[in-house]
Structures are given as C-alpha cells and as structure tokens.
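K.L.:
All you need for this note's numbering is the position in the sequence shown, starting with 1, plus 3. Below you will find the structure I want to go over with you.
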Amino acid sequence: MSEINQQEFDELTNRYRKLIASQKILLLSTASTDGVPNISYAPFVHDDTGLYYIYVSELASHTVDLLNNPKASIMFIFPESESHNLFARERAVLNCSVKEIIRNTEAYTQRIQALQERFGKVVSVLCTLPDFHLFELRQESGRYVAGFGQAFAIDVDNDCLKR
C-alpha cells in the first residue's frame, strides 16, 4: 500500500467513525467454554467513552457464551447493497472484553434508558423478562478495512486509526 497523507488518513478515520455511527446492530462473535464458535447479532448502544452495551437473552447461545467466557469480537460492516466490491467491504472488527452489568444498579438503569431511547418500548418489555442480561463490551484492539490494501489498526483508546 502506498503512503497516504494526513488529510487522507483523517478522512479514513472519519469514515471508520461514520460506519459505526450508522449502525444499530453489531455482529457478535463468541465462543463457548469448549471453544465452539458462535456468531450472532445484537442491537447496541455506544457511549462517549467507547463502550458498547447489548441486552440479550439466555435463550441465545451467545449470552451463555458471554456469561462463561467474557471475550467477544464485534463487527460493523458496510451494507452489501451499497458496496462496490463484495470482496472488500468496508468494515471494522473490534476484540472486546465483556462484563455483565448487574440489575438494580445505577449503571444498569442508565444503559437500559439509553437502549429505550434508541429502540423504544420493546426494551421495557424485555426488562420484565428475567433471562435478559446487560453486557458492557470494552474494546481492546481492532482493525478497520476501508477496501483492498487499506487495512488499519484501531487506536481504541482514542477512537481513531493508527498510522
């Protein structure tokens, strides 16, 4: 890949941020305690500190995976219908540590409120179900692919691409 100037690099960082801001769901990859992989999706909220929150049911295998193996990989990907080349779709993949947010805490209440603001009344219904769990996903590392020959590490502490 040829060297890119600062303006192009800043534009790529903005594209990375816009990709995530344009999404309402994240693709979620987990593994069981036996290492069996699982891929799914979940609606999410993202706070200004870079943390992602999902609210998921124990009926889904990814929830059981997260309770027993608190690591996940999440992906945001540009829509297939809008991609010029399906072999080089724009995407960001983040490796995350996972922590459950316990019910009846201030953090739980705040995140549930954020989910309700984004997704509506369905969240209020889900809150009445005892099998739902709120998880915080903290980015530890990541990679952004803008296209062929355009892959960048993500500086997760500063929400930007690394040179």
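Built from N, CA and C at the ideal position, the CB exists for glycine as well. Every value quoted in this text rests on a predicted model; they were computed, and no experiment measured them.
Helix, strand or coil for L62 per DSSP?
P.N.:
What you label residue 62 is simply residue 59 of the sequence shown in a count that begins at 1. Reduced to three states, the DSSP call for L62 is coil.
K.L.:
Buried or exposed for G145, going by 16 or more other Cβ atoms inside 10 Å?
P.N.:
As a working mapping, residue 145 is identified with position 142 in the sequence shown. Counting the other CB atoms within 10 Å of its CB gives G145 a total of 16 or more, which places it among the buried residues.
K.L.:
Would DSSP call E93 helix, strand or coil?
P.N.:
Position 90 of the sequence shown, counted from the start, is the residue given in the question as residue 93. Here E93 sits in coil by DSSP.
K.L.:
Any beta carbon from chain B within less than 7 angstroms of P82's own beta carbon?
P.N.:
The displayed structure is made up of one protein chain only, and chain B is not part of it.
K.L.:
To which residues does DSSP link N98 through a beta bridge?
P.N.:
Walking along the sequence shown from the start, residue 98 turns up at place 95. Under DSSP, N98 forms a beta bridge with S76, S144.
K.L.:
Look at I80 and R94 and say whether their C-beta atoms are less than 7 angstroms apart.
P.N.:
Taking the sequence shown and counting its residues from 1, the one referred to as residue 80 is at position 77. Taking the sequence shown and counting its residues from 1, the one referred to as residue 94 is at position 91. Yes; because the gap between Cβ atoms is below 7 angstroms, this pair is in contact.
K.L.:
Would you call V125 buried or exposed, if buried means 16 or more other Cβ atoms sit within 10 Å of its Cβ?
P.N.:
Here residue 125 corresponds to residue number 122 of the sequence shown, with the count starting at 1. V125 comes out exposed.
K.L.:
Between which residues of its own chain and A45 is the CB-CB distance below 7 angstroms, once the five residues before and five after are set aside?
P.N.:
One-based indexing of the sequence shown puts residue 45 at position 42. Hits under 7 angstroms: I28, L29, L31, I57, V59.
K.L.:
Exposed or buried, which one is Q142 when buried takes at least 16 other CB atoms within 10 Å?
P.N.:
Locating residue 142 in the sequence shown gives position 139, counting from the first residue. Flag for Q142 reads buried.
K.L.:
Short of 7 angstroms in beta carbon distance, which residues of its chain neighbour E149, apart from the five on each side in sequence? Order them along the chain.
P.N.:
Locating residue 149 in the sequence shown gives position 146, counting from the first residue. The sequence as given places Ala at residue 149; Glu does not occur at that position. If we look at A149 and ignore the five residues flanking it on each side, its Cβ neighbours are L15, R18, E93.
K.L.:
Count the other CB atoms, across all protein chains shown, that sit within 10 Å of the CB of F155; report buried if there are 16 or more and exposed otherwise.
P.N.:
Looking up residue 155 in the sequence shown gives position 152. It counts as buried.
K.L.:
Give the C-beta separation of S35 and D13 to the nearest angstrom, bearing in mind that I take them to be a contact with Cβ-Cβ under 8 angstroms.
P.N.:
Position 32 of the sequence shown, counted from the first residue, corresponds to residue 35. Position 10 of the sequence shown, counted from the first residue, corresponds to residue 13. Actually they are not in contact, since the Cβ atoms of S35 and D13 sit about 41 angstroms apart, beyond 8 angstroms.
K.L.:
I'd like the span of the beta strand (DSSP E) that includes F155, first residue to last.
P.N.:
Position 152 of the sequence shown, counted from the start, is the residue given in the question as residue 155. F155 -> beta strand (DSSP E) spans 153-158.
K.L.:
Evaluate S110 with the Cβ neighbour count: other Cβ atoms within 10 Å of its Cβ, from every protein chain shown; 16 or more gives buried, anything less gives exposed.
P.N.:
In the sequence shown, counting from the first residue as 1, residue 110 sits at position 107. Note on identity: in this sequence residue 110 is Ala, with Ser being the wrong assignment. Looking at its Cβ environment, which holds fewer than 16 other Cβ atoms inside 10 Å, A110 is exposed.
K.L.:
Given this structure, state the Cα-to-Cα distance separating F151 from E6, to the nearest angstrom.
P.N.:
Reading the sequence shown from its first residue, position 148 is the one you call residue 151. Reading the sequence shown from its first residue, position 3 is the one you call residue 6. Each residue's Cα considered, the two are about 14 angstroms apart.
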